[in-house]
Amino acid sequence: MKHSINIASLIACGVMLTGGHVTASDDILSKEANAPQGVKVNRAGNIVQAHTKTMIDENRPVGGTSIRYYSSTAAAMQTLSHSNFDYSGAGCASSSSGFISKDEAIDLPDGSKIVSFTLLGYDFSTTESGSGSLAWVDNTGGFTTIASASSGIVNQPGRFSVGDFVDHTLDYDQGTLVRLGITDPVIELCGFRIGYVPPDVADDVIFVNNFYR
Amino acid sequence: MKHILFKLCIIGGLLVTGVGFSQNALQDELMLKSGESFPNNSWRSKFKDNPDDPDYLATKTYGEPSGNYGVYLPASGTSPYSKSMTSIYGGAGCIYRNSPSGFYDLQLQLPDGHEIHGFRYYFYDSSAASSTAYLYTVDNSGIFSSELTIVSTGDTGYGSVYAGLPTTTLVDNYNYTYSIRFYSGETGGNQEICGVRLFMDSTP
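Top line first, the protein sequences correspond to chains A and B.
If you want my numbering, it's the position in the first sequence, counting the first as 1, plus 119.
If you want my numbering, it's the position in the second sequence, counting the first as 1, plus 157.
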């Protein structure tokens, strides 16, 4: 019986969403939670048409270079000592008031060469900013920033993507982490992406201007 | 007489200590020493895989470069995605909802180019409500997509359900982030979220 109710609910949601009609009172969370499997939802809660669905191309040349990527969603990161964090849709995190920060331990093999760090989010403020840092800690209590990225104090139209190239090789004695910081509720951080070269490749290639070609 | 009373006191003390240990699953697990486990814990034994499910036979063993493999992730590693959502640890990696609503996200880090066949959802369901596990992606433009949804079934306790992705899905960490989202339809221990096991292929 319960299963039948679930199916009926999904069908109902599917009819509602595929019909393109979403009530204004629904918030983004319920829209995502009720989206039928395989259906894409944009930030306004509208269905994205099927022709934009791109995860079905099995011939897409992912992994065609030696650079690999480590991507994370801000919503799944651990909040540090704050009780004022919120969800703002599509994996993005925000603050309900004041400052929050989120951490993630980076699990990459020793000897990997990190070549880029990118921060993704939304910045609707001309005074506040969202920032992210790639850092390492060591067994002597040290905390060292490898790279940092910030949305700046100028509001950015649409979804921003800021970052930098990096030249850092992971060491046995270092624990690597990413820390996101949000200074105001008008800032949303959605995640980060690290580009890296696996250790077997990093040991065996020549880097020109700190970048693998 | 005094000797007997002394023994009774010792037994009583042990009983009280035992009750203390079993006050909650977290304390029980924290007391374990290296190599110790709970052999009678019903968690795994109740999660019976269906031999007909495609993830039942994983063909990859450690050290082999290719083949199917599993990524088993307990739900206790999740992060509630807003301040208003809290959970209580239920033991063996399971959590249950302790707030009016309950969504919890689990970060996925999967190798580029590997294929996600599907995943198995592990749960405890002993009420008319249900819990749900979603595999979702977000692309670089902020588009959210629910790739696979599995709802707990039955009302009789521990269970697991496997489902495959409807389309071929290769991991593309440059363009997408991957996460598991758990939802519990009820507050309290009648609905426990225990984890997922992704069924992967390293050489699609």
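Note that beta-carbon positions come from the ideal geometry of N, C-alpha and C, so glycine has one too.
Within 10 Å of its beta-carbon, does residue i have 16 or more other beta-carbons around it, so buried, or fewer, so exposed?
| i | result |
| --- | --- |
| Pro237 of chain B | buried |
| Asp259 of chain A | Residue identity differs from the one stated: residue 259 of chain A is Thr in this sequence, not Asp. Looking at its Cβ environment, which holds fewer than 16 other Cβ atoms inside 10 Å, Thr259 of chain A is exposed. |
| Met357 of chain B | buried |
| Phe178 of chain B | In this prediction, Phe178 of chain B scores a pLDDT of 35, lower than 50, which makes its location untrustworthy; the coordinate-derived value is nonetheless stated afterwards. Under this definition Phe178 of chain B is an exposed residue. |
| Ala143 of chain A | Note that Ala143 of chain A scores a pLDDT of 36, beneath 50, so its modelled location is shaky; the value from the coordinates is reported in the next line. By the neighbour-count rule (16 or more Cβ atoms within 10 Å), Ala143 of chain A is not buried but exposed. |
| Gly261 of chain A | exposed |
| Ser317 of chain B | buried |
| Val297 of chain A | buried |
| Ser200 of chain A | exposed |
| Arg354 of chain B | buried |
| Gly282 of chain A | buried |
| Tyr278 of chain B | buried |
| Met188 of chain B | exposed |
| Ile272 of chain A | exposed |
| Tyr293 of chain B | buried |
| Tyr213 of chain B | exposed |
| Phe284 of chain A | exposed |
| Thr279 of chain A | Strictly speaking, residue 279 of chain A in this sequence is Phe, with Thr absent from that position. The residue in question, Phe279 of chain A, is buried, as its Cβ has 16 or more Cβ neighbours within 10 Å. |
| Ala193 of chain A | buried |
| Thr174 of chain B | Note that Thr174 of chain B scores a pLDDT of 38, beneath 50, so its modelled location is shaky; the value from the coordinates is reported in the next line. So Thr174 of chain B counts as exposed. |
| Asp319 of chain A | exposed |
| Met326 of chain B | The sequence shown places Thr at residue 326 of chain B, not Met. Answer is buried; the Cβ neighbour count reaches 16. |
| Ala232 of chain B | buried |
| Phe276 of chain B | buried |
| Phe218 of chain A | exposed |
| Gln184 of chain B | exposed |
| Gly314 of chain B | exposed |
| Gly277 of chain A | exposed |
| Asn347 of chain B | buried |
| Asp229 of chain A | exposed |
Give the residues of chain A in contact with residue i, contact being defined as C-beta atoms less than 8 angstroms apart.
| i | result |
| --- | --- |
| Val295 of chain B | Thr192, Ala209, Gly210, Cys309 and Gly310 |
| Lys263 of chain B | Before going on, a small fix: residue 263 of chain B reads as Leu here, not Lys. Those within 8 angstroms of Leu263 of chain B in chain A are Ala195. |
Can you name the residues that DSSP bridges to residue i?
| i | result |
| --- | --- |
| Lys232 of chain A | A:Thr288 and A:Val316 |
| Cys251 of chain B | B:Gly248 |
| Asp301 of chain A | Residue identity check: residue 301 of chain A is Ile in the sequence provided, not Asp. In the DSSP output, where bridge partners are listed per residue, Ile301 of chain A has A:Ile219 and A:Gly249. |
| Leu265 of chain B | B:Tyr335 |
| Thr263 of chain A | A:Trp255 |
| Ala195 of chain A | Looking at the DSSP assignment, Ala195 of chain A forms no beta bridge with any residue, so it has no partner. |
| Arg278 of chain A | A:Tyr241 |
| Ser190 of chain A | A:Arg312 |
| Asn225 of chain B | B:Asp358 |
| Val295 of chain B | B:Phe301 and B:Thr334 |
| Ser269 of chain A | A:Ser250 |
| Val328 of chain B | Answer is none; Val328 of chain B lacks a bridge partner. |
| Pro257 of chain B | Looking at the DSSP assignment, Pro257 of chain B forms no beta bridge with any residue, so it has no partner. |
Find the residues of chain B that neighbour residue i, judging by a C-beta separation of less than 7 angstroms, and give them in chain order.
| i | result |
| --- | --- |
| Phe218 of chain A | None at all; the shortest Cβ gap to chain B is about 14 angstroms. |
| Ser215 of chain A | Lys240 |
For residue i, go through chain B and note every residue whose CB falls closer than 8 angstroms to its CB, in chain order.
| i | result |
| --- | --- |
| Gln197 of chain A | Ser236 |
| Ser250 of chain A | By Cβ distance, chain B contributes nothing, its closest Cβ being about 19 angstroms from Ser250 of chain A, past 8 angstroms. |
| Val158 of chain A | Ser302 and Ser303 |
| Glu223 of chain A | Gln264 |
| Glu247 of chain A | Correct list: empty, because the minimum Cβ distance to chain B is about 19 angstroms. |
Counting only Cβ pairs nearer than 7 angstroms, list the residues of chain A close to residue i.
| i | result |
| --- | --- |
| Ser239 of chain B | Phe204, Asp205 and Tyr206 |
| Gln266 of chain B | Tyr189 and Asp226 |
Given that residue i touches chain B, what residues does it touch there, using C-beta distances under 9 angstroms?
| i | result |
| --- | --- |
| Asn161 of chain A | Ser298, Gly299, Ile300 and Phe301 |
| Val256 of chain A | By Cβ distance, chain B contributes nothing, its closest Cβ being about 19 angstroms from Val256 of chain A, past 9 angstroms. |
| Leu289 of chain A | Within 9 angstroms Cβ-Cβ: nothing; Leu289 of chain A doesn't reach chain B, min ~15 angstroms. |
Measuring from the CB of residue i, is there a heavy atom of the ligand MN at a distance below 6 angstroms?
| i | result |
| --- | --- |
| Ser267 of chain A | Because no ligand of any kind appears in the structure shown, any question about the ligand MN cannot be addressed here. |
| request: Below 9 angstroms between beta carbons is the criterion; list the residues of the segment 329-340 of chain B that meet it against any residue of chain A, in chain order. | output: Asp329, Asn330, Tyr331, Asn332, Tyr333, Thr334, Tyr335, Ser336, Ile337, Arg338 and Tyr340
| request: Could you tell me whether the segment 311-329 of chain B touches the segment 250-269 of chain A, where touching means 3 or more Cβ pairs closer than 8 angstroms? | output: No: fewer than three Cβ pairs fall under 8 angstroms.
| message | Closer than 8 angstroms is the cut-off here; do at least three beta carbon pairs connect the segment 339-352 of chain B with the segment 260-267 of chain B? | response | yes
| field | Chain-ordered residues of the segment 296-326 of chain B with a beta carbon less than 8 angstroms from chain A | value | Asp296, Asn297, Ser298, Gly299, Ile300, Phe301, Ser302, Ser303, Glu304, Leu305, Thr306, Val308, Thr310, Asp312, Pro323, Thr324, Thr325 and Thr326
| query | Does the segment 201-210 of chain A come close enough to the segment 295-314 of chain B that 3 or more CB-CB pairs lie under 8 angstroms? | reply | yes
| said: Check whether the segment 296-315 of chain A and the segment 232-252 of chain A are in contact - that is, three or more C-beta pairs closer than 8 angstroms. | reply: yes
| Members of the segment 262-286 of chain A near chain B, C-beta cut-off 8 angstroms | Flagged, chain order: Arg278 and Ser280.
| When you check each C-beta in the segment 229-240 of chain A against every C-beta of chain B, which residues fall closer than 8 angstroms? | Residues of the segment 229-240 of chain A that bring their beta carbon within less than 8 angstroms of a beta carbon in chain B comprise Leu239, in sequence order.
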